[in-house]
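Participant: Below is the structure I would like to discuss, written out as structure tokens.
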Ligand code: NOJ
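Numbering (this note's numbering), first residue to last: 1257 to 2000.
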């Protein structure tokens, strides 16, 4: 389908006080930017237009070899309007200089990079950030990432990654918000706001890119790049909401995903880019491919060659070709042959030029290339403080048999494990320009927490992988001498991320055996897990005296974990994704359907496995605290309400323990009878609250008609009258229910 929508019609509803960054980008005859864009476009040759639609990496990309060297010549010749993987103020300044001094039309370049959870100062991996359920923290992480990236010459990040996934075999689970559309949409808004701010005039922010559009997180078998096939209902209800929230929050760019969906590769999918993105969501910015996504359509088998692939992509609504060189090599010919109207090329280039004007690059092409600012901003103390704060909010306490928090007065502490004194892994995958040498290891964090006087015995014990147990004896000896043991185990950072799908998601090597033997000493053992995905760890999950899920927490990981271990921060994270008992349960998620034969332990002929339970190891929304929270029975302001009326549900939460702490109060909904089967629970709200010991707080959620809506039998987004269960609690598996009924 040829998309001939007028350029930049996107005018979005504003939410709260926040003014989306693109709000200024209204078009129409009076739009001064649109006039400038047209005046530049009028000067351009077809080759130069295609050049603006071309994005190259400057060197070895993080995900594969580059296709074309000689990018400086390309810039000079006007064959390339944007670059990625080029950063630092000095390098981008030099490249920009070539563009604005040596090319015919002097059009400035865009500089993109995968600033996913930090540029130099690394924050927790996005899955970890989602575990904070703290949208201010997530926004702050993106804001700092943007400030550092912008200081290093970048003006565009390929983030946020908003692929909902219910399959922890898929390695990119670390990069997204987890399994839930509602939580994912909230994280999307926070990240877009953090990356882009409220004005493109701001030199501290960068363009955001919602990716990977769409449903890249649902590859069959959890194998990266694999086929995606699902009902349109599931696609719209589960997978689209985070992308949509990102676009509606003002994300100026969108990246097409590698996968096909229902037989059509996303990169050539006019239903996705045209009907949904531009049509339904009024997206005003531009779409970029993911890497060689255009050329890959030949392997997908929907086009015979790269020329046809370029035609399919551009007509489907993809404005910029990352790295395929398909536009560069063939689009001119396609226009000559009448296969692609030049009007479509003009439209695509308008989007891209508009973006450059919006960022102010025509006025000051070096706006983001300031060495002095770069030195001042990167790794600043303020950014370290922010990283530490977000990191400790992202930690999830999975088990605690009275071990934690440890006393700072402890006499002898054993710190054990292959990740205990490790720095390189802490940055996690997709770590931008982050470097392990800037990270605080757990051992260092503990040492600075306890001071020089503390007796800390360190032993590695074993490697992350392999069969070698020769280090066990030293580790066990250290444990026997100690009053408590901290064991840091998990994965290598490159075991999750792109192209790291795994069939078995166990703790690698001898690490779990080391944990078992340490626990057998009878000493209190706190296990610190560092990993990028939910792991299957039956022994630890049922026997570890204490178990902390610490993901990859970034530059300040060691300090943040020490804050939690010694009670300077009371853990408040909740799982954004289900942890299975066994890989055979995957996909496993809280929001399943009841089926016609719901699980009944007394009846064989109900939905279940005969060898393992249906239930997960740790459910979505689960996470402990050093204090306990007591919930009152939830109350509604009206048990029967009319369509269109609001319903308020209120619960009182009390901190019944002795330590101050934060709780994520979660609201779930179940539609009891509807025209299609509905999940047994869907997250519809959450609030993170801080309570002092003994303090009680009333928490209220307001539900509108939209919260009861779904895609009905006829695919209308609508609420149907009838009864609903509203459920409130501190985890998806621990809720109290109140029933309400909607009437016409
Ligand atoms: C491929 C990845 O899928 C995508 O997320 C990333 O932004 C690009 N490569 C560029 O590095």
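Ideal Cβ positions, reconstructed from N, Cα and C, are used throughout, including at glycine.
#1: Can you list, in chain order, the stretches of the alpha helix (DSSP H) that have 4 or more residues and sit fully within the segment 1354-1401?
#2: Please list the segments of the alpha helix (DSSP H) lying wholly inside the segment 1788-1821, counting only runs of 4 or more residues, in order along the chain.
#3: For residue 1648, count the other beta carbons within 10 Å of its own beta carbon; 16 or more makes it buried, fewer makes it exposed. Which is it?
#4: Regarding residue 1327 and ligand 1, is the C-beta to nearest heavy atom distance less than 6 Å?
#5: How would you label residue 1615, buried or exposed, when you count the other beta carbons within 10 angstroms and need 16 or more for buried?
#6: Could you check the C-alpha separation between residue 1676 and residue 1578 for me, to the nearest Å?
#7: Report yes if the C-beta of residue 1370 is less than 6 Å from at least one heavy atom of ligand 1; otherwise report no.
#8: State yes or no: is the C-beta of residue 1922 within less than 7 Å of the C-beta of residue 1650?
#9: When you compare only the Cα positions, how much space is there between residue 1521 and residue 1557?
#10: Drop a sphere of 10 angstroms on the beta-carbon of residue 1576, count the other beta-carbons inside from all chains shown, and report buried for 16 or more, exposed for fewer.
#11: DSSP on residue 1738, reduced to helix/strand/coil?
#12: Does the beta-carbon distance from residue 1698 to residue 1744 come in below 7 Å?
#13: Only counting the same chain, and skipping five residues up and downstream in sequence, which positions put a Cβ closer than 7 Å to that of residue 2003?
#14: Between the alpha carbons of residue 1992 and residue 1342, how many angstroms are there, rounded?
#15: Do you know how far the Cα of residue 1779 is from the Cα of residue 1770?
#16: Can you list, in chain order, the residues of its chain with a C-beta nearer than 6 Å to that of residue 1320? Leave out the 5 residues immediately preceding and following it.
#17: Would you report the Cα separation of residue 1437 and residue 1495, rounded to the nearest angstrom?
#18: With a CB to CB cut of under 8 Å and the five nearest residues on each side skipped, what residues in its chain are close to residue 1737?
#19: Is any non-hydrogen atom of ligand 1 found closer than 6 Å to the C-beta of residue 1414, if you look at the structure I gave you?
#20: Drop a sphere of 10 angstroms on the beta-carbon of residue 1417, count the other beta-carbons inside from all chains shown, and report buried for 16 or more, exposed for fewer.
#21: Using the rule of at least 16 other Cβ atoms within 10 Å of the residue's Cβ for burial, across every protein chain shown, is residue 1696 buried or exposed?
#22: Express the C-alpha separation of residue 1509 and residue 1543 in angstroms, rounding to a whole number.
#23: Anyone know if the C-beta pair for residue 1339 and residue 1352 falls short of 7 Å?
#24: What is the rounded straight-line gap between the Cα of residue 1290 and the Cα of residue 1979?
#25: Hey, residue 1956 and residue 1904 are a contact pair by Cβ (cut 8 Å); roughly how many whole angstroms apart?
#26: What does a CB cutoff of less than 6 Å around residue 1805 pick up in its chain, not counting 5 residues either side in sequence?
#27: Looking at the unbroken beta strand (DSSP E) that takes in residue 1946, where does it start and where does it end?
#28: Going by DSSP in three states, residue 1700 sits in which element: helix, strand or coil?
#29: Output the residue ranges of the alpha helix (DSSP H) runs that lie fully inside the segment 1325-1349 and measure 4 residues or longer, sorted by chain position.
#30: Alpha carbon to alpha carbon, what distance is there between residue 1310 and residue 1296?
#31: Cutting at 6 Å between CB atoms, please list the residues of its own chain near residue 1322, excluding the five before and the five after it.
#32: Going by DSSP, which residues form a beta bridge with residue 1711?
#33: Ligand 1 heavy atoms versus the CB of residue 1610: any closer than 6 Å?
#34: Taking C-alpha atoms, which residue in 1895, 1632, 1657 and 1965 lies nearest to residue 1796?
#35: If distances are taken between C-alpha atoms only, which option among 1798, 1287, 1823 and 1586 comes closest to residue 1836?
#36: Per DSSP, what kind of secondary structure is residue 1415 in: helix, strand or coil?
Facilitator: Once the coordinates are examined:
#1: 1382-1388
#2: 1794-1799 and 1813-1821
#3: buried
#4: no
#5: buried
#6: 39 Å
#7: yes
#8: no
#9: 9 Å
#10: buried
#11: coil
#12: yes
#13: The displayed coordinates of the chain run from 1257 to 2000. Any statement about residue 2003 would go beyond what the structure contains.
#14: 52 Å
#15: 13 Å
#16: Since pLDDT at residue 1320 reaches only 48, below the 50 mark, its modelled position is unreliable, and the value read off the structure follows with that caveat. For residue 1320, where only same-chain residues beyond five positions count, there are no Cβ hits under 6 Å.
#17: 7 Å
#18: 1668, 1670 and 1713
#19: yes
#20: buried
#21: buried
#22: 6 Å
#23: no
#24: 51 Å
#25: 6 Å
#26: 1652, 1654 and 1785
#27: 1938-1947
#28: helix
#29: 1327-1333
#30: 17 Å
#31: Any reading at residue 1322 is ruled out, since the residue's pLDDT is 49, under 50, leaving its predicted position unreliable.
#32: 1668
#33: no
#34: 1657
#35: 1798
#36: coil
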